[in-house]
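Single-structure report; data block below.
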Amino acid sequence: MSLKNVRLEVMQFLEKDVDSLIEKYLIPVESIWQPTDFLPNSEKDGFLDDVKEIRELSKELPYDFWVVLVGDMITEEALPTYESWLMDVEGVDQVGRNSWGKWVRHWTAEENRHGDVLNKYLYLSGRVNMKEIEKTTQYLIADGFDIGTDRDPYKNFLYTSFQELATYISHNRVAKLAKDKGNKQLAKMCKIISGDEMRHHHAYCEFVERIFKVDPSQMMLAFQHMMKLKITMPAHFLRESGERISTAFEEFSHTAQRIGVYTSHDYVDILQKLIQRWEIDKITNLTDDAEKARDYLMKLPSRLTRLSERMKIPENSYQFKWVEPAI
Numbered sequence: 001m002s003l004k005n006v007r008l009e010v011m012q013f014l015e016k017d018v019d020s021l022i023e024k025y026l027i028p029v030e031s032i033w034q035p036t037d038f039l040p041n042s043e044k045d046g047f048l049d050d051v052k053e054i055r056e057l058s059k060e061l062p063y064d065f066w067v068v069l070v071g072d073m074i075t076e077e078a079l080p081t082y083e084s085w086l087m088d089v090e091g092v093d094q095v096g097r098n099s100w101g102k103w104v105r106h107w108t109a110e111e112n113r114h115g116d117v118l119n120k121y122l123y124l125s126g127r128v129n130m131k132e133i134e135k136t137t138q139y140l141i142a143d144g145f146d147i148g149t150d151r152d153p154y155k156n157f158l159y160t161s162f163q164e165l166a167t168y169i170s171h172n173r174v175a176k177l178a179k180d181k182g183n184k185q186l187a188k189m190c191k192i193i194s195g196d197e198m199r200h201h202h203a204y205c206e207f208v209e210r211i212f213k214v215d216p217s218q219m220m221l222a223f224q225h226m227m228k229l230k231i232t233m234p235a236h237f238l239r240e241s242g243e244r245i246s247t248a249f250e251e252f253s254h255t256a257q258r259i260g261v262y263t264s265h266d267y268v269d270i271l272q273k274l275i276q277r278w279e280i281d282k283i284t285n286l287t288d289d290a291e292k293a294r295d296y297l298m299k300l301p302s303r304l305t306r307l308s309e310r311m312k313i314p315e316n317s318y319q320f321k322w323v324e325p326a327i
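At position 16 of the sequence shown (counting the first as 1) the number is 16 in the working numbering, and the numbers step up by one without a gap.
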């Protein structure tokens, strides 16, 4: 049987539990928070006063902070790319509306709120150039991405397990920076977004755990493949208006590292957490190739740590079109 057919068979076997996993990890629409819970109410008389407060508090936050918040928002707003990609994964049937397709739709519905609330907040803040941000968002959706997973569910679930934790870290650190500057509402907003990301991380991790139980060797090889390829961020094709896909994402990453929102050390830490979570060292019944893959994965964190210690981040901020430099 081909690898593709084995993957499909495993996905069909696991599908019987997906509805219960939706109940475990996702929150009903009527119960979960909505963007308006964190934004001024435009129906009330105090709306303009609330907007004025947002604009005043925004002045306390530095240039690099806004670059990171904008980059996080644009990444969230590119959700159409992520949904269309996952809907094309082997075993996900949007035509027959199977349980895997239901998961993707419900996960998308939760994630959609993140870009929505951040977009509105940035618009009200008065600190950013929304037209340039909108152009970058449109470019990112139009350019799509290639995260190296193809239509393989094993690789896609590995990617999302890693990426959801990375997104949690980023939003959580932004929340802390906002809180330290006295912006409690923005801090609360970013903190609750990070909570969503952590729930989603645990869900995708459980998908991987279940696959390890039924197809351990191929799951191990998929893990090795993704880590050799390196986990690229979903916005790695980021670009500004009039520019090619080249420097924008690299400079955004430098900014995130410079202010400690997401660093190369975090990348290594996430890998280590996944190795521990899935108990990679204890998995049995592996083929010879899978054993070699396990050895590679177990040694990888220390190798990456040595590399990250040699990395140097530029001290000066890159001038993005999204944000005017602080006066």
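Note that CB positions come from ideal geometry on N, CA and C, so glycine has one too.
- Residue environment: N5 is assigned as exposed (fewer than 16 neighbouring CB atoms within 10 Å of its CB, all protein chains considered).
- Contact holds between the stretch 76-91 and the stretch 99-118, because three or more Cβ pairs, one in each stretch, are under 8 Å apart.
- It is roughly 15 Å from the alpha-carbon of V18 to the alpha-carbon of L86.
- Only buried fits V268, as 16 or more other CB atoms lie within 10 angstroms of its CB.
- With a contact defined as Cβ atoms closer than 8 Å, A178 and C190 qualify at about 6 Å.
- A distance below 8 Å between beta-carbons, with the five flanking residues on each side excluded, links I275 to the following residues of its chain, in chain order: D281, L297, M298 and P301.
- Around the beta carbon of M73, 16 or more other beta carbons lie within 10 angstroms, which makes this residue buried.
- Under DSSP, V174 forms no beta bridge with any residue.
- Of all C-beta pairs linking the stretch 35-50 to the stretch 90-105, fewer than three are shorter than 8 Å, placing the two stretches out of contact.
- S241 and Y63 do not touch by the CB rule: their CB atoms are close to 19 Å apart, not below 8 Å.
- Under the DSSP assignment, Q138 falls in the alpha helix (DSSP H) whose first and last residues are M130 to D143.
- Separation of M198 and K155 (C-alpha to C-alpha, rounded to the nearest whole angstrom) is 19 Å.
- Assignment of beta-bridge partners to V323 by DSSP yields V128.
- Segment contact: the stretch 249-266 against the stretch 181-196, fewer than three CB-CB distances shorter than 8 Å; contact not assigned.
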